[in-house]
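Below you'll find the structure, written out as structure tokens, and then a few comments.
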Amino acid sequence: MANFTLSELAEIVGGQVSGDADLTIDGVATLSTAGRSHIGFLSNPAYRKQLASTRAGAVIVEPREREHCPTNALLVSEPYNAYARIAALFQEKPAGERGIHPAAWVSGDAWIHESAWIGPNCSVEAGVRIEAGCHLGPGCFVGSGSLLGEGTRLVGNVSICHGVRIGSRCLIHPGAVVGSDGFGFAKEQEGWLKVPQMGGVVIGDDVEIGANTTIDRGALEDTVIGNGVKLDNQIQIAHNVQIGEHTVIAGCAGISGSTRIGKRCAIAGGVGIAGHLEIADDVTITAMSLVTRSIARSGVYSSGIPAQENGIWNRQVARLRRLERLAQRVGKPESNHRQKE
Amino acid sequence: MANFTLSELAEIVGGQVSGDADLTIDGVATLSTAGRSHIGFLSNPAYRKQLASTRAGAVIVEPREREHCPTNALLVSEPYNAYARIAALFQEKPAGERGIHPAAWVSGDAWIHESAWIGPNCSVEAGVRIEAGCHLGPGCFVGSGSLLGEGTRLVGNVSICHGVRIGSRCLIHPGAVVGSDGFGFAKEQEGWLKVPQMGGVVIGDDVEIGANTTIDRGALEDTVIGNGVKLDNQIQIAHNVQIGEHTVIAGCAGISGSTRIGKRCAIAGGVGIAGHLEIADDVTITAMSLVTRSIARSGVYSSGIPAQENGIWNRQVARLRRLERLAQRVGKPESNHRQKE
Amino acid sequence: MANFTLSELAEIVGGQVSGDADLTIDGVATLSTAGRSHIGFLSNPAYRKQLASTRAGAVIVEPREREHCPTNALLVSEPYNAYARIAALFQEKPAGERGIHPAAWVSGDAWIHESAWIGPNCSVEAGVRIEAGCHLGPGCFVGSGSLLGEGTRLVGNVSICHGVRIGSRCLIHPGAVVGSDGFGFAKEQEGWLKVPQMGGVVIGDDVEIGANTTIDRGALEDTVIGNGVKLDNQIQIAHNVQIGEHTVIAGCAGISGSTRIGKRCAIAGGVGIAGHLEIADDVTITAMSLVTRSIARSGVYSSGIPAQENGIWNRQVARLRRLERLAQRVGKPESNHRQKE
């Protein structure tokens with residue numbers, strides 16, 4: 004188990020110790036569950052009550068919270084970021100295997116760096132290139148001609164189709180699919196004619212892709228996910244979508260074909276964005292909103308309606324349906340009686 | 004093929020035969036497709052018309068429906084429950100294999116009960132414990148240190164990440180992922196810093212998890228799914244969520260991080276629940292509602308709007324957008340002409 | 004690389020060349036990226052600007068667009084369909100393997116046509132029948148007794164459970180699950196009793212199933228997907244659903260149990276349809292709508308609300324909540340002052 008003194012931790016995150024600098028810390032924990040050898044953190048003042056009663060050996064806090072901290076403190080300007088760095092020190096590292104598991108199948112025409120790991124029941128097709136430090140957990144497949152940059156990790160049962168380029172230090176969770184065909188069909192007399200999906204997918208560096216998220220390949224050009232993009236679970240990214248750097252998208256959102264999303268956007272859970280739109284940089288879209296037009300300016304956009312008690316809600320929906328009649332009774336401004344009075 | 008007389012079935016489910024107690028039944032079927040050797044059921048009076056014309060050898064009905072039943076009847080107070088028990092008698096049982104398939108890979112440091120089955124192309128990592136009667140269909144992986152309780156079944160291509168504890172008699176469908184990283188990042192100057200996800204997932208007994216449902220591991224503590232919870236397909240459960248016993252959640256719902264859901268709740272399809280909320284016991288949430296606040300009392304809650312003909316709907320949305328102006332024309336209660344009259 | 008003269012392409016799609024019929028074409032491209040040996044297309048007049056500046060060797064256009072085309076033209080009445088056919092000529096064909104990969108496992112009781120391909124890490128159970136020209140990419144499993152018709156392709160990591168019948172020329176993308184249990188439980192004193200899901204799934208010919216889409220097996224009868232149906236990614240189809248021929252469903256939609264959808268319907272992304280409904284033929288449902296009643300007539304139906312700037316939206320929601328009071332102030336038609344005046 005890893006061990007650090009409080010002063011070592013302070014040095015690592017660039018903070019100040021207030022209290023016993025020699026205290027040994029062997030793990031992170033929440034304020035309410037921490038013991039004497041743990042360090043906790045306070046980043047949200049709402050948890051100040053838990054701070055008062057914590058049994059943690061030390062707590063990461065902003066300097067202004069020092070007075071509320073009943074134990075040793077590690078003072079930093081951004082406690083949550085410092086916590087993230089410290090937690091990483093205590094996190095169990097994957098075993099660091101290298102080589103090809105005997106129960107994996109790798110094409111003779113694939114190139115695998117000697118420091119990479121190909122786990123059991125993986126399949127790696129011809130023309131694939133897997134760089135140094137990559138880790139493929141059990142049951143992944145990588146289709147022909149695809150590339151994985153240095154240190155990229157597929158947790159397990161990940162599907163990378165053919166012709167996909169993935170950058171360095173990406174983390175892709177189980178069940179994610181990258182490079183499935185876009186949804187493109189031409190209307191025929193009877194039924195639909197498939198439009199070949201011949202583009203690829205290009206994924207930048209430091210991208211995280213959640214469990215069971217799907218990213219389709221482009222029709223002719225590539226679907227592009229920028230550096231530092233973070234995608235939660237169960238997200239659908241359609242063909243030819245482009246997502247700018249450092250944008251984050253929460254679970255169950257869906258982005259339709261050819262839409263371009265700017266940099267540093269924050270798209271909440273369950274949002275749907277129609278196709279062929281342009282979303283500016285620094286746009287926030289709140290949960291379960293439906294975006295049907297391009298958004299040219301940074302800001303917060305919404306159309307989700309908070310749930311209410313069912314009887315009240317049903318009356319509101321009924322009222323909404325009769326709004327036309329209500330408006331007619333009130334009349335147009337010009338003929339409005341209040342203006343006549 | 005299994006065979007039971009009607010009186011044997013009555014004994015099994017605690018019901019009464021009205022008619023030929025010696026009739027042999029060899030299967031279950033719907034009222035409209037059943038033949039002489041089948042038993043059907045009526046649990047919804049809306050199907051009474053089909054009862055009248057059924058060719059079933061027998062029908063499971065409430066006593067008060069006896070008069071409408073044109074054939075032998077098995078009288079019980081809860082026909083759907085009795086049907087479920089009887090159907091299970093006729094269901095083909097999985098082959099009951101035991102052992103480790105030669106095309107599976109199992110770590111030498113995993114413990115597998117001799118009555119468990121590890122199917123082809125499965126991967127079982129070090130420190131895993133798999134109890135009696137477990138069944139892993141093809142292509143599953145179980146990450147290091149995870150536990151599967153007695154009689155738990157993974158249908159195939161299921162991903163169980165490291166450090167996950169699953170109870171007894173659970174059923175997990177293909178593509179489900181348990182233990183993927185929660186979606187946690189701290190904002191940096193540029194981009195996002197990953198917050199290590201160091202908690203686990205604890206799943207109770209008798210839990211069913213649908214196809215392609217995802218359950219993230221906790222950040223520091225565990226994500227917890229209570230006994231008897233039933234999750235449909237394509238559900239997203241974020242980190243640190245807690246779900247109380249016997250709650251059911253329908254397809255495509257999403258529960259955001261750290262939300263706690265009570266016991267015996269019923270959450271319909273496509274519902275989204277924001278993070279850090281508390282939902283009481285016995286709460287029902289109707290389809291495609293968005294829950295943004297905690298719910299303290301049992302009851303039914305909604306915000307889904309039923310679809311209408313598109314032209315009508317567009318006018319309603321336009322009216323909603325002009326509601327501010329309409330309200331201004333009507334004026335505030337104090338200045339309202341009706342009160343002045 | 005494939006090569007065709009412009010006149011050969013015209014013959015294949017039944018069009019007319021305007022310009023150099025002997026020009027050699029070796030690929031398709033967008034108007035903005037095409038070079039001299041590429042053919043592009045214009046199907047949407049919005050892209051006429053790109054047509055004006057294209058460097059493509061030839062462009063597929065309607066005859067009436069000939070005058071705007073600065074290069075050789077292939078004149079057809081339906082440019083997008085002609086493009087789809089021509090693109091298919093240039094698409095890289097999968098390698099055309101046949102046989103069983105040494106790293107696959109196939110039951111001795113399965114029947115595999117000699118021209119089919121079973122890829123690495125696939126599992127094929129007893130009683131399975133796989134017809135001529137089928138292609139199973141890496142990591143697929145096919146459960147006992149299931150059938151795959153001629154030329155059907157599972158891209159990789161696809162899960163086909165037991166007792167599923169799939170037609171000819173289907174294409175199923177990674178992570179898709181066909182034949183998982185429907186979500187059926189009977190309420191008990193405490194908790195839920197599983198209702199055995201004993202039906203199957205029947206999928207017609209020329210069906211496409213997107214990545215991570217799930218299709219549950221029927222409870223007693225079959226879930227049925229008609230010929231030519233196209234399903235995008237992350238769609239949930241519940242037990243006993245029937246979908247008519249040539250219907251298309253976009254990503255993240257969910258169809259609840261026992262609902263029957265007609266032929267040639269178009270269901271947009273994120274739509275939810277309640278259970279036990281009947282949707283007529285030729286119905287269009289727009290994005291993120293919630294359908295709670297049967298739809299008897301062809302037409303377009305909606306309940307999705309387009310997002311707006313958050314402050315404006317919040318005021319509209321607040322107004323909606325006070326609509327009851329507003330309506331009371333305006334009064335009922337009979338007592339309305341405007342009628343009295």
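Residue numbers (the working numbering), protein chains in the order written: chain A, 4 to 344; chain B, 4 to 344; chain C, 4 to 344. Just so you know, even glycine gets a beta-carbon here, dropped at the ideal spot from N, CA and C. Nothing here was measured: the structure is a model prediction, and the numbers come from that model.
Check: I need the boundaries of the alpha helix (DSSP H) containing Asn-84 of chain A, first residue and last residue.; Outcome: 82 to 93
Check: If you measure between the beta carbons of Pro-82 of chain A and Phe-44 of chain A, is that distance less than 8 Å?; Outcome: yes
Check: Are the CB atoms of Ala-271 of chain A and Ala-299 of chain A within a distance shorter than 8 Å?; Outcome: no
Check: Under 8 Å, with one C-beta from each stretch per pair, do the region 203 to 212 of chain C and the region 239 to 254 of chain B reach the 3-pair mark?; Outcome: no
Check: If we define contact as Cβ-Cβ less than 8 Å, is Gln-342 of chain A a contact residue for chain C?; Outcome: In this prediction, Gln-342 of chain A scores a pLDDT of 41, lower than 50, which makes its location untrustworthy; no coordinate-derived value is stated.
Check: Measure the Cβ-Cβ separation of Ser-46 of chain A and Ala-214 of chain C and say whether it is below 8 Å.; Outcome: no
Check: For Gly-18 of chain A, is the classification buried or exposed, using 16 other Cβ atoms within 10 angstroms of its Cβ as the cut-off for buried?; Outcome: buried
Check: For Gly-314 of chain C, name the three-state secondary structure that DSSP assigns.; Outcome: helix
Check: Select from A:Ala-90, A:Glu-70 and A:Glu-65 the residue whose C-alpha is nearest the C-alpha of Ser-80 of chain A.; Outcome: A:Glu-65
Check: Taking a Cβ distance cut-off of 7 Å, strictly less, list which residues of the region 273 to 307 of chain C are near chain B, in chain order.; Outcome: Gly-275, Ala-277, Ile-288, Thr-289, Ser-292, Leu-293, Val-294, Thr-295, Arg-296, Gly-302, Val-303, Tyr-304, Ser-305 and Ser-306
Check: What is the DSSP secondary structure of Arg-51 of chain B, counted as helix, strand or coil?; Outcome: helix
Check: Which residues in the same chain have their Cβ closer than 6 Å to the Cβ of Ile-212 of chain C, if we skip the five residues on either side of it in sequence?; Outcome: Ile-175, Ala-179 and Leu-234
Check: Which of the residues in the region 25 to 57 of chain B, read from start to end, lie with their CB under 8 Å from any CB of chain C?; Outcome: Val-31, Ala-32, Thr-33 and Thr-36
Check: Starting from Arg-324 of chain B, find everything on chain C with Cβ-Cβ shorter than 7 Å and list it in chain order.; Outcome: Gln-319
Check: Which first and last residues belong to the beta strand (DSSP E) in which Ser-305 of chain C is found?; Outcome: 302 to 305
Check: With DSSP as the reference, please indicate the residues paired to Ala-106 of chain A in a beta bridge.; Outcome: Bridge partners of Ala-106 of chain A: none, in fact.
Check: The alpha helix (DSSP H) with Gln-19 of chain A in it runs from where to where?; Outcome: Looking at the DSSP string, Gln-19 of chain A is not in any alpha helix (DSSP H); the run it does join, the beta strand (DSSP E), is 19 to 21.
Check: In chain B, which residues lie less than 7 Å from Val-333 of chain C when you measure between Cβ atoms?; Outcome: Val-333
Check: Could you compute how far the alpha carbon of Pro-177 of chain A sits from the alpha carbon of Cys-143 of chain B?; Outcome: 11 Å
Check: Hey, how far is the Cα of Gly-278 of chain C from the Cα of Gly-102 of chain A?; Outcome: 50 Å
Check: Give the DSSP bridge partners of Phe-188 of chain A, in chain order.; Outcome: A:Lys-197
Check: For the beta strand (DSSP E) that contains Val-62 of chain C, what are its first and last residues?; Outcome: 61 to 64
Check: When the cut-off is 8 Å and only beta carbons count, does Asp-235 of chain B lie next to chain C?; Outcome: yes
Check: What is the DSSP secondary structure of Ser-10 of chain A, reduced to helix, strand or coil?; Outcome: helix
Check: Quick check on the DSSP output: the beta strand (DSSP E) that includes Arg-168 of chain B runs from which residue to which?; Outcome: 167 to 169
Check: Short of 7 Å Cβ to Cβ, which residues in the region 150 to 178 of chain B face chain C?; Outcome: Val-158, Gly-159, Asn-160, His-176, Pro-177 and Gly-178
Check: Under the three-state reduction of DSSP, which class applies to Ile-346 of chain C: helix, strand or coil?; Outcome: Look at the range of chain C in this structure, 4 to 344, and you will see that residue 346 of chain C is not part of it.
Check: Looking only at DSSP bridge pairs, what is Ser-162 of chain A linked to?; Outcome: A:Phe-144 and A:Val-180
Check: Name, please, each residue of chain C whose Cβ falls closer than 7 Å to the Cβ of Glu-312 of chain B.; Outcome: Gly-302 and Tyr-304
Check: Can you tell me whether Glu-128 of chain A is buried or exposed? The criterion is at least 16 other CB atoms within 10 Å of its CB, across all chains shown.; Outcome: buried
Check: Verify the CB distance criterion: does Trp-316 of chain C have a CB-CB separation below 8 Å to chain A?; Outcome: yes
Check: Whole-angstrom Cβ separation of Gly-194 of chain B and Gly-185 of chain A, contact assumed at under 8 Å?; Outcome: Gly-194 of chain B to Gly-185 of chain A, Cβ: 28 Å. No contact.
Check: For Glu-14 of chain C, which option in C:Arg-69, C:Arg-88 and C:Leu-54 has the closest C-alpha, if you only look at C-alpha atoms?; Outcome: C:Arg-88
Check: Answer yes or no: does any C-beta atom of chain A fall closer than 8 Å to that of Glu-134 of chain C?; Outcome: no
Check: Could you give the C-beta distance for Val-198 of chain B and Ala-90 of chain A, rounded to a whole number, given that I count them as a contact under 8 Å?; Outcome: 7 Å
Check: Nearest-angstrom Cα distance between Arg-318 of chain C and Arg-332 of chain A?; Outcome: 23 Å
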